[in-house]
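Asks:
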Amino acid sequence: MNKTLFVNGTEYPIDVPDNMPLLWFLRDRLEFTGTKFGCGKGLCGACTVHVDGQATRACVMPVSALAGRKVTTIEGLSEDASHPLQKAWIEVGVPQCGYCQAGQIMNAASLLSNNATPSEQDIDNAMQGNICRCGTYQRIKKAINIAASELANYDLAKEVS
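Taking the numbering used here, I'd label the letters of the sequence shown as residues 37 to 197.
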């Protein structure tokens, strides 16, 4: 059976062992290195990508379970960093080391796609599974609020899904 998946709008064959985590397929096979390895147990959020529009931990998702599905990585969120979250991240100066930021942004993008006007509590609840060792949580929350206010002016169809 020919198995493929769509990553950032392009179809790729799944030509790896069934139990290979999506994270390693993205990084090692497709060279989408924006998705990071953190804990390897789906607990830290550094590996967050979208699968059919939903935030998913790539380190614990076997690539074989994704045949025919659509994956969006940080590289696919926008081609030119024009997504409101990416712009807000830069405006607020969120990253320190930056390691967790792709996962943070992808989780926030999933939140905003489901709730364009989240409350502070909504943001806290949605983001609690993404760990930032540098402790930039207040800046992350501020950037999400800025991005939420910009969503009305942004064409969400730009997100590859």
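The C-beta atom is built at its ideal place from N, Cα and C for all residues, glycine as well.
1. Contact check, A145 vs L113 under 8 Å by CB: the rounded distance?
2. Please report how far the alpha carbon of N55 lies from the alpha carbon of V99, in whole angstroms.
3. Could you give the first and the last residue of the continuous alpha helix (DSSP H) run that contains L148?
4. Taking 8 Å as the cut-off, decide whether the C-beta atoms of I141 and I159 are in contact.
5. So for V196, helix, strand or coil by DSSP?
6. What is the residue span of the beta strand (DSSP E) that Q90 lies within?
Replies: Answer, in terms of the structure:
1. 6 Å
2. 7 Å
3. Q137 to N150
4. no
5. Summary for V196: the model assigns pLDDT 44, below 50, so the residue's position carries little reliability; its value from the coordinates is reported in the next sentence. DSSP places V196 in coil when its eight states are reduced to three.
6. Q90 to R93
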